[in-house]
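Structure, as C-alpha cells:
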Amino acid sequence: MFWIPSTIFKFYNSLVGIPDVGRGKFDSTYLADEKTGVGVSEGLQFLASVNLPAAIEDHGGREIPPSVMEKSNEIKRQGGINTIDKMINDLPESLTRNKEILDEAIRMLDDEERGDTELRTQFKERWTRTVSSTLTRPLRDEAKKYMDIIQNAINADKVVQEKYRMNRDCIVLLSKQTHEIADELPSATAVGALRDSFVLRELHRLMDGVAAIKAEREVIESELKNTDSDSVRARLIAAFQQGSYNDENSVVVHEIESIYTPLRQQVTESLSKQEQLVENIRRANAQFLNEKQGNESSGMRDEMLKNLARAYDVYQELLSNLKEGTKFYYDLTPLLLKFQNKISDFVFARKTEKEDLMKDIQQGIVGGNQPSTTTQQSGNNPYAASASTAPPYPQSQQPAAPSTGGPPPTTPDGSALPYPGSYMQPFFPMPPGYNPYNPFFNTTAPQYPMAGAPQYPQQGYGVERPATGSKKK
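Just so we're aligned: 77 in this note's numbering is position 84 of the sequence shown, and the numbers increase by one with no gaps anywhere.
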C-alpha cells in the first residue's frame, strides 16, 4: 500500500497557526496521494481475479505454481492462520474492556445527576447549588466522542471478521506444508499445450512489468517514510527566519511543495503506467482464456489458484488491520481510564458539596422551628405544665423583719422583745444533672424516670429534703 507516513499527518495537525487557505492547500495537494494506495489495491485485486501470474506459471499435473509457493512460504513465515486466529479472538476482549470503562464513567455521571435531581425536588428552592446537567455538559460531550470512536471500531471489526470468515479456508490451506497443498489442488494439463503460444509469452512480459511497478512504488514509499515531521519543521523554521516570503501561508505551501512535488510526480507517472498495463493484461488474458476453453478440470484448478491468490492478499490486509486494531484498543485504554478518573473526582467533589449543603439546610430547619419544639415538649410534660402554673409561695407565712426606724416591739407588760434573726431559707441539694437555667429540659439525670421534668418542688418552696433513692408512691 502507498500511504503518506503518520509523521506527516502529525505535523499537519500541529499547524494550528496556519491560515485555513494554507491548510486547504495541504489537503488538496498532499492528502490526495492516499488515492495512489487505492490504485495499487485495485491493481492487486484485478490480478487475483484473473489468477495471474499463477495461471501462466501452471504447467498442470500436481505441480504447485511458483507464485503460490512463494505466497504460502510468506504466510507461514508470518505465523500462518494461528496468528490471525489469536489476534481476531483477542479483539472482542479488548473492546469489552474499553467499553466497560466508558460505561462505568457514564454510570457515575448518571447516578450523580439522578441524586441531584431527587434532592432538588425534595428541598426545592433551598437546594441552591448548580444543576448537574450544566456542570457535566463538557464531560458528556467527551463521553459522546469516545462512544463514537468505539462504535467506529466495532464497525471496522465487523468488516475484518467478515473478510476473515470468507477467506479462512484458503488461508488455512496456504498455511499447510507443500505436499498438503498439492494434494488439494485439482490437476490439469491444458496450459502445457499453450506453453509456446504468443499470448502466453505476452502475459509473461506483462507480469514482468507489474513487478517493475511494484518495485518503483516501494522506493517512493520508502522515501516518503524517511521524510519525518522534524525535518519538515526545520525547513519551515529556516524559511521563516530568512523572511523571503510575505506571509506564513506562502512559506508553508512553498516548502511543502518543494519536498513532496517530486514524489507526487513519480506517483502520477507510476499510476499512468499501471492503468496502461492493466488494460494490456485484461486484453491478453481474454485471449488466453479463449484458447484454454473446453477443459473442465483446468477451470476448477484455475478457480482454486485464484482463491489462494486472493486469500494471500486478504491475509496481509487482515494482519495489518488486526495489528492496528490491537494497538488502537491498547492506546485507548489509558485515555478512558484518565477520563473515568476525571469523572470520579467530579463526583467526589459534588458529594462533598451535597453533604455540606444538606447540613446547612438541616441546621436552618432546626433553628427556625425551635420555639414550636419547646412548646411541644412542654405540652407533653405534665410536670412542666404544673410547675409553670403553680402559684407563688405565700409571703405571709414568712416572718417579717421589723423596721429598723421605730422602737423595738414590746410585750403586753411593757418588756422589750429581742429582734428575731433574719430568716434564711434552708439549703436542699438538688439531684445530679440539675440545670438551674432550664429546669424543663433536664435530660442528664438518668436516675429520674422522666428526663426533662423536675420530680421534686423547686428550690425555695420550704419542703423537706427528699430522702436519697426514694420512690414515688
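Ideal Cβ positions, reconstructed from N, Cα and C, are used throughout, including at glycine.
Does DSSP put residue i in a helix, a strand or coil?
i, result
"S168", "coil"
"I336", "helix"
"V124", "coil"
"I57", "coil"
"E317", "helix"
"Q259", "helix"
"R350", "Note that residue 350 corresponds to Leu in the displayed sequence, not to Arg. Looking at L350 - three-state DSSP - the assignment turns out to be helix."
"L217", "helix"
"L329", "helix"
"G72", "coil"
"L178", "coil"
"I143", "helix"
With 16 as the cutoff for other CB atoms within 10 Å, does residue i come out buried or exposed?
i, result
"D150", "buried"
"P58", "buried"
"A277", "buried"
"E155", "exposed"
"E248", "buried"
"E214", "buried"
"A304", "buried"
"N91", "buried"
"R70", "exposed"
"F281", "buried"
"Q258", "exposed"
"A136", "buried"
"N160", "buried"
"T171", "exposed"
"D295", "buried"
"Q355", "exposed"
"T129", "buried"
"V153", "buried"
"K117", "exposed"
"Q234", "exposed"
"G318", "buried"
"A98", "buried"
"R107", "exposed"
"I358", "exposed"
"A231", "exposed"
Check the C-beta distance from residue i over to residue j and give it rounded, since I have them as a contact under 8 Å.
i, j, result
"S125", "D109", "4 Å"
"K347", "L102", "Incorrect: roughly 15 Å between the Cβ atoms, too far for contact."
"R122", "L350", "6 Å"
"Y308", "I68", "6 Å"
"L329", "I164", "33 Å between Cβ atoms; not a contact."
"L270", "V203", "6 Å"
"F341", "L132", "About 14 Å separates the two Cβ atoms, so there is no contact after all."
"V192", "E86", "Not confirmed; about 52 Å, so no contact."
"M297", "L178", "6 Å"
"F39", "A146", "Not quite, the Cβ-Cβ distance comes to about 30 Å (not below 8 Å), so this is no contact."
"L229", "V245", "6 Å"
"S168", "I74", "5 Å"
"I81", "L315", "6 Å"
Quick check on the DSSP output: the alpha helix (DSSP H) that includes residue i runs from which residue to which?
i, result
"L45", "Looking at the DSSP string, L45 is not in any alpha helix (DSSP H), and its letter there is neither H nor E."
Item to complete: Note down, one range per segment and in chain order, each alpha helix (DSSP H) of at least 4 residues found wholly within the segment 76 to 134.
Response: 125 to 128
Discussion item. If we require 3 or more residues per run, which beta strand (DSSP E) segments fall completely within the segment 264 to 305?
Written reply: none
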